[in-house]
Structure formats: C-alpha cells, structure tokens
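Novice:
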Amino acid sequence: MQPSDLQPENFAAYPPLARELAVAHLPIFRKLPLTFLSSLLLQVIDYDFRFPEERRAIDQELSCLSSLDPGQLDGWFAPFAKISLSPKLERMDWAGRPAVFLEEESAWLWTTQQQDAFRAAAMEYQTHLESAVAVAPLPVCRLGIALVGQGVSTWDAPLFRNLRPHGTWFREVGAENGLAALLGVVESRASAHPVPFGHWYIDGGDLADHSDGLTCVSWTALRPVRSALLNYMQKQIQQPGMGPEQLRTNLAQLQPADLGMGVNSDPVLDRFQLKILTEGSGTQIFSTTFAQWTAREALRRAQPLTMLVRFAPRQRQRPMNEMLSNAGAAPELDPAGSLVDADMGAWYQWINQQRLPGYDRSVFIAWFEGHKQALVIAPTLPRGTQSNTPMDIQKLISLAVG
Amino acid sequence: MGADTMSSRAIAGSVSRSRRDFLREAAGLSLGAALMSASPFVSAESVRRRRKVIVITFGGGARDQETFAPEGQENIPHLLNELIPQSSFFTQVVNRGILGHYVATASLATGVYETLNNFSAVPPQHPTVFEYFRRDLRRPADDAWVVAPSNGFNRIGESDSRRYGSGATVVLPKRLLQAATAGTQVDYEHLLHDNYETPLYTPQVEGNEFELQQMESVLKLSVGDFLAHARTLASPDELSVYIAKRLMALFAPSLLWITMHDIDIAHSGAYSLYIDGIQRTDRLCAELWRAVQSEPEYAGNTTLLILPDFGRDADQDSGGNGFQHHRTGDIASRTTWMMVMGAGARSGVVYDRPVQSIDLVPSLGAMLGFSPVDSLGKPINELL
Chain V
9 MQPSDLQPEN FAAYPPLARE LAVAHLPIFR KLPLTFLSSL LLQVIDYDFR
59 FPEERRAIDQ ELSCLSSLDP GQLDGWFAPF AKISLSPKLE RMDWAGRPAV
109 FLEEESAWLW TTQQQDAFRA AAMEYQTHLE SAVAVAPLPV CRLGIALVGQ
159 GVSTWDAPLF RNLRPHGTWF REVGAENGLA ALLGVVESRA SAHPVPFGHW
209 YIDGGDLADH SDGLTCVSWT ALRPVRSALL NYMQKQIQQP GMGPEQLRTN
259 LAQLQPADLG MGVNSDPVLD RFQLKILTEG SGTQIFSTTF AQWTAREALR
309 RAQPLTMLVR FAPRQRQRPM NEMLSNAGAA PELDPAGSLV DADMGAWYQW
359 INQQRLPGYD RSVFIAWFEG HKQALVIAPT LPRGTQSNTP MDIQKLISLA
409 VG
Chain B
47 MGADTMSSRA IAGSVSRSRR DFLREAAGLS LGAALMSASP FVSAESVRRR
97 RKVIVITFGG GARDQETFAP EGQENIPHLL NELIPQSSFF TQVVNRGILG
147 HYVATASLAT GVYETLNNFS AVPPQHPTVF EYFRRDLRRP ADDAWVVAPS
197 NGFNRIGESD SRRYGSGATV VLPKRLLQAA TAGTQVDYEH LLHDNYETPL
247 YTPQVEGNEF ELQQMESVLK LSVGDFLAHA RTLASPDELS VYIAKRLMAL
297 FAPSLLWITM HDIDIAHSGA YSLYIDGIQR TDRLCAELWR AVQSEPEYAG
347 NTTLLILPDF GRDADQDSGG NGFQHHRTGD IASRTTWMMV MGAGARSGVV
397 YDRPVQSIDL VPSLGAMLGF SPVDSLGKPI NELL
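Here it is in structure tokens:
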C-alpha cells in the first residue's frame, strides 16, 4: 500500500483523538512519501497519550504541512522520496502499526546503506519545519537544575568540566538547606505559572518532600513496575525463537496496566514512565541512567519550563572475580561512580534543554549536593569563569534567575 | 544568540580543533606523507613466513573525547605513552557499514560491509581473512584463532563460502566460563550477559566454536584452573587476554584476532563504567604487547593492529544519547582510528588521510601474502 491509497479505515485501531486527527489530515498524508509518513504516524498514533506541548507541536506540524503547495511539498520531501523501500515493507500495515514498520525500515536502511541519506533528509526536513513554524514566547525563562553526588563525602577529581566553559563555576556555596531551597524555586515557579506538565521533579532515589503542582517521577516509586518489567522480560527471552527485535516489539505493546500501573494515576504520565522503562537502555538497572534518560525524554517531549533532576547512588557493578567468589552478596551502592554518571547526566540535561525554544534565555544550575561546588549557566552570568565568593544557595539562585 | 548562551548546534560548531589535530598532537608524531617512499615492510617470502599478525578491536566502540582528545587522554595512558610512540597512527578510519558490533567486526574480518543480522549467530556473507590466510598460505587450523566476547561472535571464524570454508577456531571465553560454572550457585547473569547491545538476549551457539571439553586437551587447562584464574580477573576482556596469551604460548598462531568488548557497557548508560572499560582496555592492549615482546615466537616479527570497530554517538546529535549508543550514523559514530606497530611498522608517524574499515583485510593480505579477492577494500599504501 502506498500513502495515496490511504483510507479512513486504515486508522480504525487508533485511539479516538488520534483517529480523528489522522482522518482529518488524510489529504496531506496521501501526498507524503512513505519513508516520511511512517515517522509522522508514529507521533499521531499516540496523540491521546501525549503531553500538551507534544500535541501542540503535532497540530502545528500537520497544519504547516497542509498549507504547503505542490512545489513546496516536492522541495521538502524530495530527499525522502529518493529513498527506496522494499516491496515487503510497502506491503506492511505501516499505517496501523507504524512502530513495527519503523523497526523493519530501520534495518532496511542500514542494510541498504541508505541510513545516511535518511538521516540527511530528516535533518533537512527539521530545518524546513523550524523555519516555517512560529515559536510562541515562553511565560518565563526555562530553568534546569541538576543535583549530583548524593552520598559522596569527599571528591578530589574535577567536576562540571563539560559545563564550565558555558557558565560560572562557584566554589564557595553554602550547602545548608540546598535541596529545600532549589525545590522551593521549582514550587514557586509551578505556582506562578501553572502549566500542565510544565514543572518536573525527577529523583533517582526517594522523592523529597514537595508540594503539589509538580510532575514527579522517581526511581523508588517505580520499584514494583521495574520488578514486574524485569520478570516479564526474563519470561519473554525464555520463549522459543525469541530474538531482540521481537522482544522490543513485545515491550512496545505493553500497557501500563500490564505492569500494575494505572490505579489512580495520570494516564499520560503512566505511559511516559512505561516508555522510560521499556524503551530506555539501562533504565531498569541503574538509577543514574533512569534519571538521565527520564530528564532527556521529559525535555524532548513535555518541554517543561522547570526541571529539577536529583541523581542518587546506583547499584555497584560487581567485577567478575567478586561475582565468582561471592555469588550471593547483596548489591551495594556506588556513590563515586554515580557522581561521574551524574556529572555527565547534568551535561546532557543542559544540552537537551538548549535544544528547546527559548534557549537563549534559559538558565541551568548544577550543584554538587551537600558540597560547595555549583555551576550556573545564565544569560546574566559570564562564561568560563570561576567565583570564589562565599554565598548560600539562595544567593546563587538569585544570581541565576534574578 | 546572546553572548553567554549557546544552542546545541553552536556547541557542536564551537569545536575549534579538528580531530586529526588533537590526535596528531596527542601522539606527538610526525606526518607520514613524506615517508611514503621508504617502506619498512619487507615483503620477502622468508620474512612473510615468520610474520605474525595480531588484531585487537578496541571494542565496543569508543569516542575521541574519551580517548585521544585532550580531555580523554587521561583514560589511555598506555596507548598514549607506550604504544603510540612505536606506532603508525591513522587518524581517520571510517566505517560506512552497519554499526552493530558483530556485523561491524564481520565487515572488518571480510573487507566487505556485511549486511547480516547483528543479533543472529550467522556466518559472515563473504570469505574471512582467516579463510584467505589459511587457503592461500596453506596454513594449519591452529595457525588462526579468534578470541571473542559473546555467543553472537561464534561464527566469525569462517564464512559459508564453498571456495574457502576453513577459517579460524573461535574461542568464546565468556561461554567457556558459563559452561564451567554451570550447576553452581554463581550469579553470572550480569557478567555473562552475552552483549551489551541487547543485554537480556543470548543467541544460541551453533558452529565451529571452541568447546569446554577441548579446554583441557587443547589449552592444557583444567576447568578448575580456568575457574581459579577467572576469579582473579575483573572483567570478561581480561579473561579474553588470558586466553589469548595462552594460545600464543601454546600454538604461536600467525594470525590472532582479539575482540574486546568491556567498553560496550556504555549501553547501560553509566558513564563511569564506560570510562572504566576504556581504561581497562587501554591497559590490556599494553599487556598484550608486552606479552608479544616476551614470547620468542613473537618478539621482533609481530605486527599489532589496534582499532575500534566504530565510535559512538556525539553528545550534540539529537538523534542519540551521546556516549550511550551508536545508532545515529553520525560522524562520531562512524569515524575512529587505528594504530599499527611492530614488525614493518613505521614508528611515530601519523597519517591523516581517511581509510575505511574494509581496507584492513586487503592490507593484511599485502603484509602476509594472501589475496582477499572478494574484499571491496583497498590495501593501505602506508602499510605496504
């Protein structure tokens, strides 16, 4: 089937809002190359469970595409149209199951050495779209906060090396009530700008006390879900003929209820958390990976105005000799290794924040929890400098966000 | 853009020094173009018959910024200070194929960009370097070995080609350890998960791999001794090097291929473990080179080639998640390096021109005197 053959019934299995959206945009879908349309449909099919910012972006994109004249469509999509697909791919139910199709398509692109062409086409399309779609001003500058090093008493190695060239490195920050003060900033912004899914608190351990109004995700709170997922995966891989592609497909079809989620909780957030655990590599095993990937995906999808990520110690990876000699030992924590992980996680959090609209006004604070080191990136502060001026966290916050 | 802020694109663009610059500076080497006329590789047949070649894939995939870039050099003190000064260093080795570890290693071993399923235990689609080597040079089975990390590599030793078909014996140390610990209470799940790309999946082994029963008869190693030694080692790659050194001492194979894999724990997302893997692999490469110097069969007549199978995604590429994976096909994930040292290699020379991963096999063919007729790569002139 080609996109030009699409009919409303091809979307019969979509959730209600997604189906309505797809049918309404059939005319433009029919004009798009399959190599592109399948990716677009992957966004559309989950419309009912997407964050408000994602829905707005999808609406904008569909509206933009619908407004293009034939010449513009040719110009935008010629690179995609040059990519060839196999007859087998074209025969798939790509409209009804775009995720399965994309899995197969990806393997095809790599095998036929068309991955680079696809990548170039996607980047070119993104450039077209960004220049065509208006960006609404933010009600307040975006603020990201990363707390690293929980549980580390002393640390002599350098910290924030990737971030330092972009901000001011503070060496004499009073640590007292630091977590409460930083959470307080998040809470006050949530209160002042009550945007749905606009203010996040992600914790790689237990959530600290916080007020309502924040979107919270924590490693500890998801323990039962993680256990259920690992049990499910273990059973799956013991099935005859199970391979990694099939396992991924099966994981993608899991619903929150399959892992015990969905009781008195938000269905959009449940879906988000499920995807963190089923699509993220290592998110089921290491809390630092969980926190980093959750932050990345929340920034990419929900585009929050405020995000605080608190990294916590992950379990220690035991060396081979220790495993062989002391098989039944309970896993210990690795605070030092987790600090290294979190330092990189903070860097990635900032990079992902800078991919969002308003990056030129955005602010980022990284703090070595319980210690004197912090790094602030803000339009009002110089880059690549160091401050040895003693100050408390409140003063640091004032310098960062005014 | 404000003076104090940068978008991710600007960050990417702000890298002021090219990778070849910092690689050249790191190595402290001279440019190689002027040296092309005087090849140190002597191709006389008598020399070829004594020549040993060891290939180490610095796996599974490491980026410049954690290795040869200024900020990464602290992770590779052995490569930087001990090995590179003795090496010809190629700053741009480009892999244009599929960036999965098995398929990429198969491509390195055949000189063709293989398109097999990375997660299936299938043989390479084209003849391997081991088959060319053994058939053209009439070498016995114990003259070509592969030591590889995971079950998925058990077919790497030979293709299904009817023209060839006799390649290298493949040793899978992790599988041996798994077999040796079967029935015990040892929790080897985390250690022995087959690979880090799909950590919960282990392909079934079927093929010409080295079995536990052969350990005693071939490696002269009891299961007890093997396990006892394993208990002194920190990682599967350390076990691989132990096996490799054992093979060198017992058989002195002329063609030995060792695939390292500890670094690929990066897929778990734990940056510190990725760095640990790089530091360990750095140490193991030097350890193996020292073993070469101490083995009479190898000292003075061995060429060692070290190269990653590919890199990892750049931090700034929005399609990936930085060091964690190699999925985007960006420049960082496709571009890596190679060092060649020992017999015939020019010491302290850096070559900037791009070469491809598939050029390895034709280059080995030129060094050793076999003809990899199906390879699509080209011999690297600087090694001839």
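The listed protein sequences correspond, in order, to chains V and B.
Everything in the first sequence is counted per my numbering, starting at 9 for the first residue and increasing by one.
Everything in the second sequence is counted per my numbering, starting at 47 for the first residue and increasing by one.
A virtual CB, placed ideally from N, CA and C, is assigned to each residue, including glycine.
The structure presented is a predicted model; accordingly, all values stated were derived computationally and were not measured.
What are the residues of the region 285-318 of chain B that lie near chain V, defined by any Cβ-Cβ distance shorter than 8 Å?
Specialist: Answer set for the region 285-318 of chain B: 285, 311, 313, 314, 315, 316, 317 and 318.
Novice: Would you mind giving the Cβ-Cβ distance between residue 294 of chain B and residue 301 of chain B, rounded to the nearest angstrom? I have them listed as a contact below 8 Å.
Specialist: Not confirmed; about 12 Å, so no contact.
Novice: For a quick check, are the C-beta atoms of residue 107 of chain B and residue 311 of chain B less than 8 Å apart?
Specialist: In this structure, residue 311 of chain B does not lie closer than 8 Å to residue 107 of chain B by Cβ.
Novice: Please compile the residues from chain B whose C-beta is within a distance smaller than 8 Å of the C-beta of residue 119 of chain V.
Specialist: Going along chain B in sequence order, the residues near residue 119 of chain V (Cβ under 8 Å) are 144 and 161.
Novice: Could you tell me whether any Cβ in chain V is nearer than 8 Å to the Cβ of residue 122 of chain B?
Specialist: Not closer than 8 Å to any Cβ of chain V, the Cβ of residue 122 of chain B fails to qualify, so no.
Novice: What first and last residue would you give for the alpha helix (DSSP H) that runs through residue 79 of chain V?
Specialist: First-last of the alpha helix (DSSP H) with residue 79 of chain V: 78-89.
Novice: Any beta-carbon of chain B closer than 8 Å to the one on residue 356 of chain V?
Specialist: Output row for residue 356 of chain V: interface = yes.
Novice: On a Cα-Cα basis, can you pick out the residue from V:9, V:179 and V:34 that is closest to residue 97 of chain V?
Specialist: It is V:9.
Novice: Are the region 49-64 of chain V and the region 25-36 of chain V touching, with three or more C-beta to C-beta distances below 8 Å?
Specialist: With a cut-off of 8 Å, the region 25-36 of chain V and the region 49-64 of chain V count as touching, because enough Cβ pairs lie within range.
Novice: Would you mind sorting residue 174 of chain B into buried or exposed? The rule is 16 or more other CB atoms within 10 Å of its CB.
Specialist: Result: buried.
Novice: Rank B:103, B:428 and B:109 by C-alpha distance to the C-alpha of residue 150 of chain B and give the top, closest one.
Specialist: Ranking the options by Cα distance to residue 150 of chain B, first place goes to B:103.
Novice: Taking beta-carbon pairs under 8 Å, can you tell me which members of the region 244-274 of chain V lie near chain B?
Specialist: Those residues of the region 244-274 of chain V that come within reach of chain B (Cβ to Cβ, closer than 8 Å) are 245, 250, 251, 252, 253 and 255.
Novice: Looking at the C-beta of residue 391 of chain B, does it have a partner C-beta in chain V at a distance below 8 Å?
Specialist: It does not; no Cβ of chain V falls within 8 Å.
Novice: Which stretch, first to last residue, makes up the beta strand (DSSP E) that contains residue 383 of chain B?
Specialist: Here the beta strand (DSSP E) through residue 383 of chain B covers 381-388.
Novice: Taking buried to mean at least 16 other C-beta atoms within 10 Å of its own C-beta, is residue 303 of chain V buried or exposed?
Specialist: The residue is buried, with at least 16 neighbouring Cβ atoms inside 10 Å.
Novice: What residues in the region 357-387 of chain B have a beta carbon less than 8 Å from any beta carbon of chain V?
Specialist: Here the close residues are 361, 362, 364, 365, 367, 368, 369, 370, 371, 374, 375 and 376.
Novice: Given 8 Å as the limit, is there contact between the region 402-414 of chain B and the region 166-183 of chain B, that is, 3 or more CB pairs closer than that?
Specialist: The region 402-414 of chain B, when compared against the region 166-183 of chain B, does touch it at the 8 Å Cβ threshold.
Novice: Are residue 218 of chain V and residue 209 of chain V close, meaning C-beta to C-beta below 8 Å?
Specialist: Taking 8 Å as the Cβ cut-off, residue 218 of chain V and residue 209 of chain V qualify as a contacting pair.
Novice: Residue 271 of chain V: buried (16+ other C-beta within 10 angstroms of its C-beta) or exposed?
Specialist: With fewer than 16 Cβ atoms within 10 Å of its Cβ, residue 271 of chain V is classed as exposed.
Novice: Is residue 348 of chain V close to chain B, meaning its C-beta is less than 8 Å from at least one C-beta of that chain?
Specialist: By this cut-off, residue 348 of chain V is an interface position.
Novice: Just reading off the alpha helix (DSSP H) that residue 403 of chain V is part of, what are its end residues?
Specialist: Start and end: 401-409.
Novice: In the structure shown, what three-state DSSP assignment does residue 139 of chain V receive?
Specialist: The answer is helix: DSSP assigns residue 139 of chain V an H, G or I state.
Novice: Measure the CB-CB distance between residue 169 of chain B and residue 205 of chain B and report whether it falls below 8 Å.
Specialist: Yes, they are a contact pair.
Novice: Quick check: the region 211-229 of chain V against the region 249-258 of chain V, are there 3 or more CB pairs under 8 Å?
Specialist: Counting Cβ pairs under 8 Å, fewer than three are found: no touch.
Novice: Going by DSSP in three states, residue 358 of chain V sits in which element: helix, strand or coil?
Specialist: The answer is helix: DSSP assigns residue 358 of chain V an H, G or I state.
Novice: Is residue 197 of chain B buried or exposed, if buried means 16 or more other CB atoms sit within 10 Å of its CB?
Specialist: By the neighbour-count rule (16 or more Cβ atoms within 10 Å), residue 197 of chain B is buried.
Novice: Can you say whether residue 246 of chain V is buried or exposed, counting buried as having 16 or more other CB atoms within 10 angstroms of its CB?
Specialist: Residue 246 of chain V should be labelled exposed.
Novice: Any idea what DSSP makes of residue 118 of chain V, helix, strand or coil?
Specialist: Helix at residue 118 of chain V.
Novice: Any beta carbon of chain V sitting closer than 8 Å to that of residue 165 of chain B?
Specialist: Chain V, which has a Cβ nearer than 8 Å to the Cβ of residue 165 of chain B, makes this yes.
Novice: Between the region 283-303 of chain V and chain B, which residues of the former have CB atoms less than 9 Å from a CB of the latter, in chain order?
Specialist: Per Cβ criterion, the list reads 288, 289, 290, 291, 293, 294, 296, 297, 298, 300 and 301.
Novice: Please identify the residue among B:280, B:162, B:178 and B:171 whose C-alpha is closest to the C-alpha of residue 407 of chain B.
Specialist: Comparing Cα positions, the closest option is B:178.
Novice: Tell whether a beta-carbon distance below 8 Å holds between residue 426 of chain B and residue 157 of chain B.
Specialist: Cβ atoms of residue 426 of chain B and residue 157 of chain B: not closer than 8 Å.
Novice: By the criterion of Cβ-Cβ separation under 9 Å, what are the contact partners of residue 354 of chain B in chain V?
Specialist: What residue 354 of chain B touches in chain V: nothing, since even the nearest Cβ is about 18 Å away.
Novice: Look up residue 228 of chain B in the DSSP assignment and say whether it is helix, strand or coil.
Specialist: In the structure shown, residue 228 of chain B sits in coil (DSSP, three-state: anything other than H, G, I, E or B).
Novice: Under a three-way DSSP split, which group does residue 409 of chain B fall into?
Specialist: It is helical.
Novice: Using a cut-off of 8 Å between C-beta atoms, extract the partners of residue 169 of chain V located in chain B.
Specialist: Near residue 169 of chain V (Cβ distances below 8 Å), the residues of chain B are 117.
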